[in-house]
Each structure stands twice: as C-alpha cells, then as structure tokens.
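In my numbering, the protein residues as written are 1 to 576.
Beta carbons are placed, not taken as given, at the ideal position from N, Cα and C, and that holds for glycine.
Everything below concerns the one structure shown next.
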C-alpha cells in the first residue's frame, strides 16, 4: 500500500474524530445552560467562557491549527456579554419611554457605576445601597373597591384615564347594573396619580390594597441564561456551516432548534417582566351607590327587666322597589333578628315592618340603643336606610295585693269586699279593678295618694255548687313602665233555706216523701217489666213442678230418695 494512501486515511480519521469531539462538548454545554445560569456577571460570558479548562484543552488538541485560529477569531468577533446589572435597567427604560425605573418614579436610570445622589452630586464607584435601590425592578399591583353613581359610565372613565396616562384598558365586565369590574395598566411612574384620580371619582372607597413584587433576581437570572444561550446559538451556527455529513448536520440542526426555542421563551419572559414593571396593573371593583330610604323606628321606649318589648318600624319605599329585608339589633349583645315581612299601611306611600318582640334580661347597661336597617332591591337598584330607638330598661317595683279571705253567702245576699296592697314610692297613678267573676261589669277607679285599701260591694242572685272567683287588680305607672299585680278571693253562694220548725222543713219533707214514693213506683215498675220479659221461663218452671207433683201423687209407694238413705242404716243394724 502506498504511503500516501495511508497518510490520507489517517488524516480522514483525525478529521472525523475532531468533529466528534467538538459535537460532544457542544451537547454537554447545551445541557449545562438548560439547567440554569449563574447570577454573577463573571459567569455570563457564554458556554465557551464557562467551559472547564480540561474540556477546552481537549478541544484544542482535536482541532487543527487552522481551525483553532478560526475558532479564536470567531470568539473575538463575538460581542461581549452585557452587564446583567445594567441590562434590565436599559430594557425597562426602553419600554417606559422615560427615565426612571418602575417603583422609583422620577429617578434617573444609571447604567454607569457612578450613581447620582439626591443632591445631584455623583458618587465615584457608587454607594452600594443606593446602587441596589436604583436598579431594583418592582412590579406593583393595586386592587381597589369603589362605590360610584353609574357603573357603566365609571368603567368608561377609568379606561379613558388609563389611555390619557399612556396606558391601556386590559379588561372590563358589566353584567349587572349594580356591579362592574375594570382592569387597566398605567405607567409605573404615574401609578400614584392614577390612584388619586380614581379616589376623586368615587363616592366611597371601600378597599384599597397595594402589593409590590421584586423581580430583580429573576430578571438577572434570565438575562444570564439568555446570554449563554445566544453564545451557544452562534457556536452551533458555525458548526452547522462546517458540517460535511448529513447526519452531523441534522443532529446539529436539532440542537440549534432547541436552543433557539429556549432563547425565544426567555426573551418573552424578559419582555413580560419589563412590561409589568414599567406598567402597573390596577384592578377596580365597582359597586353602584345605594339609595337612601326614610325610616321611622318609633318613639323611645321604657320597659322593665324580663318584660317583652315590641319593635316595629315604618318606612317610605322608593319607586320600583318591591323586595325588602330588615334587621333589628337590640344593642344588648344578643343576636340580631332579620325578617322580610312588610305590609302596606293606610298611607299608600308608606309600609310597616312585622312586629318583633325582645326581652331585656339586665338593666345595668341601660339605656340600650336598638337599631333597624332596611334594604330594598328592585329594578331601580338597591336602597337602604336605618334608624335607632332608645330603650330604657329598669327593674320594676313590686306590688303585693291581698283580696281577702274566702266568703260564703246565700243567693241574693250582698257581699262586701275589702282588699289591700303595698304602695312603693316608685309607683304613681294607682288604679284598681274588682272583677266579680260572674260576667257582670267590673268595678274600679283611681286610688288616692297614700291609700292602700280598696272596697267594693256586690250581690249574687244565683247560687251554684262551686265558688265564684273574685279578682282584685292593682295597676300603676313607674319609670320602668306599667306595673300590674292581682289577687283572687273565693265566694261560695249557696241556696237559701225556707221556713223551719225545730229544724224541720215541711217543704223539704214533702219533697222527700214524693221522691221516695216515686222511687218505690219506679222500682215496682222495673220489676214488673223484668217479670214480663222472663214470663216464658217462669211458665216452664211452673209446668215442670206441677208434673212432678202429679207423678208422685199417682205412685205413693215410690220411695223418696231421701227416705231410702235414712232407712239404709236401720237395715244394717237388724242384720247384726
């Protein structure tokens, strides 16, 4: 074999091995970059800048002198990696279109290590804390809940405010006349101004929540990874141009597609972070302002402990409002009571709520403030109103009443009643009522000051076997409200007696005799009826008795069974 042919084959083998070694190390570099980059600026020089020294040495041995020279020239022509600390600042400034980082309105973007302080003087080398503060990337989001007069119109106004400030409307919804939602983005340096304008247009701000998210570390990390991937992309393109075999070209093309896909993904993420940091998001929930209703909870009340208090309110319903709910809070710590029952009144312009009863168990925290809230819903929107009533609770003075002892009289007699009661100093306007328990009109009146005894007279014309209950009721007024107490006395009314001699009453005796004779006649009559009913039985018994007697009369020798029993012992004795 000629030496030239052997040398040619050796050269081909060395060339093939050279490409194989280069391809292996490129694949390893892609895998390292895909696993994440470093945050340090020193490690952002790409795969060729961060590859291990041993790997670079092996690649150098695998390449020819000419290819090494080409590789060195390619690395020299490649642009230097940007400083990761200044990259997000420049990107953010390009998106905003004005100097200043999001979250730091009005501050200048400084990519140079020299950072200006508040006085305008430059600090050579830069203060570390100031430098970090100036280069932070902050994403701010505001969530607001406001009450407005017109939900639809307010959504349009908020969108116009965002466009006027250089932002845009993200989304909006207005499915209900009473509620709506709008989301806008405004330049970060004008976020505070936008919030002030939203507050000014609202009738009430129900909530306002501002959140800030620092994405600086994430931004720097993505920038470093992007730089490495771009360097790898350039290397793969060079390698693809030098590929001599189809298999090598296809393999390199596949790796290049993966790297480019990752580059596009990181570029999209960077753009999103720059946009969200440069334009702050404002989410606004809108609610239609509630109309007002006129409510009257009634006059202030005074009551006693453990006495029921009745609450009822009158209100004027707005037009086109048909559904109402109301809630009473009695002010004593008990659970509020809700209801939806209302009724019209004689005045067509007013309605009244259902009556709610409540009992106060303690007077120590008196007076209590009871509050009613009424809400109405309908085509005209939502209306509400409220009113309060003062409830004074005190412990009522006790009155003890004595109506007298039980009484026994005859029908037609007149009975005299005398009752007494205690009279505490806290009571006034004392009145009494005698109810005689037979349906007649009660007798009553006012009791003079200092008097504690009341009397009455009544005649019972009829007697009855059980007593009449006569009730004496004493009522009075106090600071705790009305006071009432009563007592009962029994009256037995018996039948009056007639003329008597020695305790003998002729009328009663005649009545007794007639009753006795009536009882005898009634008994005999009953006995005769039963005898007639059982007449067939008596006839049969009589017939049987007559037949038996006739038979015995015809046969006198027929021994009587009882006689035979008596004669048997005599015969036994004779035999002995």
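Limits of the beta strand (DSSP E) - the one that residue i falls within
i           : result
residue 208 : 204-214
residue 271 : Element bounds for residue 271: not the beta strand (DSSP E) but the alpha helix (DSSP H), 246-278.
residue 397 : Premise fails: residue 397 is in no beta strand (DSSP E) and is neither H nor E.
residue 169 : 168-173
residue 422 : Premise fails: residue 422 is in no beta strand (DSSP E) and is neither H nor E.
residue 296 : 294-296
residue 185 : 179-187
residue 403 : No beta strand (DSSP E) holds residue 403; DSSP gives it neither H nor E.
residue 646 : Look at the range of the chain in this structure, 1 to 576, and you will see that residue 646 is not part of it.
residue 439 : Element bounds for residue 439: n/a, residue is neither H nor E.
residue 375 : 368-378
DSSP-derived helix/strand/coil call for residue i
i           : result
residue 432 : strand
residue 383 : strand
residue 508 : helix
residue 517 : helix
residue 462 : coil
residue 323 : strand
residue 237 : helix
residue 449 : coil
residue 137 : coil
residue 427 : coil
residue 289 : coil
residue 412 : coil
residue 484 : strand
residue 585 : With the chain running from 1 to 576 in the structure shown, residue 585 is simply not present.
residue 318 : coil
residue 304 : strand
residue 528 : helix
residue 74  : Because residue 74 carries a pLDDT of 36, less than 50, the predicted location of this residue cannot be relied on, and the following value inherits that uncertainty. Note: residue 74 maps to helix in three-state DSSP.
Burial state of residue i, where buried means 16 or more other Cβ atoms lie within 10 Å
i           : result
residue 510 : exposed
residue 151 : buried
residue 497 : exposed
residue 261 : exposed
residue 542 : exposed
residue 209 : exposed
residue 331 : buried
residue 462 : exposed
residue 254 : exposed
residue 47  : Confidence at residue 47 is low in this model, with a pLDDT of 35, below 50, so the placement of that residue is unreliable and no value is reported for it.
residue 553 : exposed
residue 146 : buried
residue 531 : exposed
residue 376 : buried
residue 364 : exposed
residue 555 : exposed
residue 391 : buried
residue 53  : Note that residue 53 has pLDDT 34, beneath the 50 cutoff, so the model's placement of it is unreliable and no number is given.
residue 233 : buried
Cβ pair residue i, residue j closer than 8 Å
i           : j           : result
residue 137 : residue 215 : yes
residue 409 : residue 489 : no
residue 367 : residue 478 : no
residue 186 : residue 162 : yes
residue 328 : residue 370 : yes
residue 419 : residue 436 : no
residue 662 : residue 345 : Examination of residue 662 is not possible in this model, given that the chain is present from 1 through 576 alone.
residue 385 : residue 321 : no
residue 303 : residue 360 : yes
residue 438 : residue 456 : no
residue 452 : residue 473 : no
residue 342 : residue 357 : no
residue 382 : residue 292 : no
residue 191 : residue 285 : no
residue 218 : residue 273 : yes
residue 278 : residue 319 : no
residue 519 : residue 460 : no
residue 399 : residue 374 : no
For residue i, the first and last residue of its enclosing alpha helix (DSSP H)
i           : result
residue 552 : 535-554
residue 194 : 191-201
residue 334 : That residue, residue 334, is in no alpha helix (DSSP H); it is neither H nor E in DSSP.
residue 162 : 151-164
One or two residues paired with residue i in a DSSP bridge
i           : result
residue 344 : 351
residue 358 : 309
residue 228 : Its beta-bridge partners do not exist; DSSP assigns none.
residue 469 : 490
residue 143 : 209 and 283
residue 477 : 428 and 482
CB contact below 8 Å: residue i versus chain B
i           : result
residue 159 : The question asks about chain B, but that chain is absent: this structure has only one protein chain.
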